[in-house]
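Here the structure is laid out as structure tokens; the discussion comes afterwards.
2 protein chains.
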Amino acid sequence: MSGPIPPTPVLQAIHDRRSVRRFTDAAVSRDLILTALTAASWAPSGLNNQPWRFAVVRDQAIKEKLAGLTRYSAVLKSAPVLVPVFLDKDNSYDYVKDCQAVGACLQNFLLALHSLGLGAVWIGEILKNGDKVMEILELPGRLDLMAVVAVGYPEHSKQSSHRRPIEELILLDK
Amino acid sequence: MSGPIPPTPVLQAIHDRRSVRRFTDAAVSRDLILTALTAASWAPSGLNNQPWRFAVVRDQAIKEKLAGLTRYSAVLKSAPVLVPVFLDKDNSYDYVKDCQAVGACLQNFLLALHSLGLGAVWIGEILKNGDKVMEILELPGRLDLMAVVAVGYPEHSKQSSHRRPIEELILLDK
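Okay, structure coming up:
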């Protein structure tokens, strides 16, 4: 963080979180996943409609089937837990705002996992095979796949990343 | 937070953050806004395309014009700072994933503001008048309004809120 504002733990976590694509073999407890999913669910949503839904997949056979649907197949296979995230169309009121809310929910999930010592990566590329994911998971058609998050303990220390300078992102200031 | 996992500062912030709709008259420093917007920009995005853009509005005349475009006009008038958030269509690669990324960015912004002692509310209802917002702000048509965030110091202590039990949100666990 630059500037005179001392970083809070939240700012530090936001800044330090990275996509983690290689995991150790260590199992991830159900309690940790539930804690992070509960945090995910505290995202804001339009009219508090909470359109997000989750699956938790540890089954090796299912993981391998899902891994066949993305170019990130090695990531999905190595992660001890996969969390497909859905929009529940029965609880949708505005598609764009619901997608934003699911994005907020995903960010809560990633930050919560990071704060618990876990690593994760948000995979959107698998959406090209959303229908096949739904068939494999045998979930109802009212669910729209929004992302798959691969979760585990990070194998390596964090990689670097970069962002545009904030001055480039602020287009009006008055 | 329930369960045996001790809450981290990040989990606590995610859980404690509320929409704030009434603000004191206290000014919000530019440094705080820049710090929170920098945190916002550390959201993940597909291919790291960083499609988010921001405006920072303190000008009373502009704020009042924007306030005329939403039913939450009292909120916009009372907030010392308004931050319209945009999707830059020139940096878009997939509309749904970009909307999710902007949602993640908005959540970072809200959490960062909360951790800095500020309050905020994410207003989506004004999107119905997105074109008029763009005219008032005189910003280029490549920007798609995604939300307006009203920011200030909270007037009241936090209100309660609720979420569905996590068991209702997990539709598959195996």
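Protein chains in written order, with the working numbering: chain A, 10 to 183; chain B, 10 to 183. Note that CB positions come from ideal geometry on N, CA and C, so glycine has one too.
Mind pulling the chain B residues with CB within less than 7 angstroms of residue i?
i: A:ARG62; result: LEU178 and LEU180
i: A:VAL105; result: CYS108
i: A:ALA121; result: VAL19, LEU20 and ILE23
i: A:GLY133; result: GLY55 and LYS106
Under three-state DSSP, which class holds residue i?
i: B:ALA113; result: helix
i: A:GLY128; result: strand
i: A:VAL20; result: Just to set this straight, residue 20 of chain A is Leu in the shown sequence, not Val. In the structure shown, A:LEU20 sits in a helix (DSSP, three-state: H, G or I).
i: B:ILE71; result: helix
i: B:VAL90; result: strand
i: B:VAL105; result: helix
i: A:VAL29; result: coil
i: B:VAL158; result: strand
i: B:SER11; result: In this prediction, B:SER11 has a pLDDT of 46, which is less than 50 and means its spatial position is unreliable; what the coordinates show is noted afterwards. Of the three classes helix, strand and coil, the one that applies to B:SER11 here is coil, per DSSP.
i: B:ILE179; result: strand
i: A:ARG62; result: strand
i: A:ASP40; result: helix
i: A:LEU184; result: Not covered by the structure: residue 184 of chain A. The range shown for chain A is 10 to 183.
i: B:LEU96; result: strand
Which bits of chain A does residue i rub up against, with CB to CB less than 9 angstroms?
i: B:HIS24; result: THR47, ALA48 and TRP51
Name, please, each residue of chain A whose Cβ falls closer than 7 angstroms to the Cβ of residue i.
i: B:PRO18; result: PRO18 and VAL19
i: B:GLN116; result: ALA52, ALA113, GLN116 and ASN117
For a contact meaning CB atoms closer than 9 angstroms, what does residue i contact in chain B?
i: A:LYS183; result: ALA64, VAL65, VAL66, ARG67, ASP68 and ILE71
i: A:SER28; result: PRO53
Among the options, whose alpha-carbon lies nearest the alpha-carbon of residue i?
i: A:LYS141; options: A:GLY77, A:LEU41, A:ALA35 and A:SER54; result: A:GLY77
i: B:LEU41; options: B:LEU125, B:VAL65, B:LEU146 and B:LYS183; result: B:LEU125
i: A:ALA22; options: B:ALA52, B:ARG31 and B:LEU43; result: B:ALA52
i: B:GLU177; options: A:GLN168, A:PRO60 and A:ARG31; result: A:PRO60
i: A:LEU9; options: B:GLN116, B:ASP153 and B:ASP182; result: The requested residue 9 of chain A does not occur in the structure, where chain A is confined to residues 10 to 183.
i: B:ARG172; options: B:ARG27, B:PRO16, B:THR17 and B:ALA45; result: B:ARG27
i: A:ILE175; options: B:PRO18, B:LEU56, B:VAL65 and B:PRO174; result: B:VAL65
i: B:ASN57; options: A:TYR102, A:ARG39, A:GLU147 and A:VAL130; result: A:VAL130
i: B:GLY161; options: B:HIS24, B:ALA45 and B:LYS98; result: B:ALA45
i: A:VAL157; options: B:ALA156, B:ASN100, B:GLY55 and B:GLY139; result: B:GLY55
i: B:ALA159; options: B:SER82, B:ALA88, B:PRO15 and B:TYR104; result: B:ALA88
i: A:PHE229; options: A:PRO16, A:ASP103, A:ARG62 and A:LEU180; result: The question about residue 229 of chain A has no answer, for chain A in this structure spans 10 to 183.
In angstroms, rounded to a whole number, what distance separates the CA positions of residue i and residue j?
i: B:CYS108; j: A:LYS106; result: 8 angstroms
i: A:HIS123; j: A:ARG30; result: 13 angstroms
i: B:ILE145; j: B:VAL84; result: 18 angstroms
i: B:ALA35; j: B:LEU96; result: 30 angstroms
i: B:ILE132; j: A:ALA70; result: 43 angstroms
i: A:LEU120; j: A:LEU154; result: 21 angstroms
i: B:GLU73; j: B:LYS86; result: 6 angstroms
i: B:THR242; j: B:LYS167; result: This structure gives no information on residue 242 of chain B, because the portion of chain B shown stretches from 10 to 183.
i: B:GLN91; j: B:PRO18; result: A small correction: the amino acid at residue 91 of chain B is Leu; Gln does not occupy that position in the sequence shown. Roughly 27 angstroms between the two C-alpha positions.
i: A:ASP68; j: B:LYS183; result: 6 angstroms
i: A:ALA113; j: A:VAL94; result: 12 angstroms
i: B:MET143; j: A:GLU134; result: 32 angstroms
i: B:GLU164; j: A:LEU136; result: 43 angstroms
i: A:LEU43; j: A:VAL111; result: 17 angstroms
Assign residue i to buried or exposed, taking buried as 16 or more other Cβ atoms, counted over all protein chains shown, within 10 Å of its Cβ.
i: B:THR79; result: buried
i: B:THR47; result: buried
i: B:SER11; result: Reliability fails at B:SER11, whose pLDDT of 46 lies under 50, so the model's placement of it is uncertain and the value that follows must be treated cautiously. Burial call: exposed.
i: A:PRO149; result: exposed
i: A:SER50; result: buried
Could you work out which residues of chain B lie near residue i, taking near to mean beta carbons separated by less than 8 angstroms?
i: A:VAL84; result: Going along chain B, no residue has its Cβ under 8 angstroms from A:VAL84, so there is no contact; the nearest lies around 14 angstroms.
Mind listing the chain A neighbours of residue i? Cutoff is C-beta to C-beta under 8 angstroms, in chain order.
i: B:ARG173; result: SER50 and GLN59
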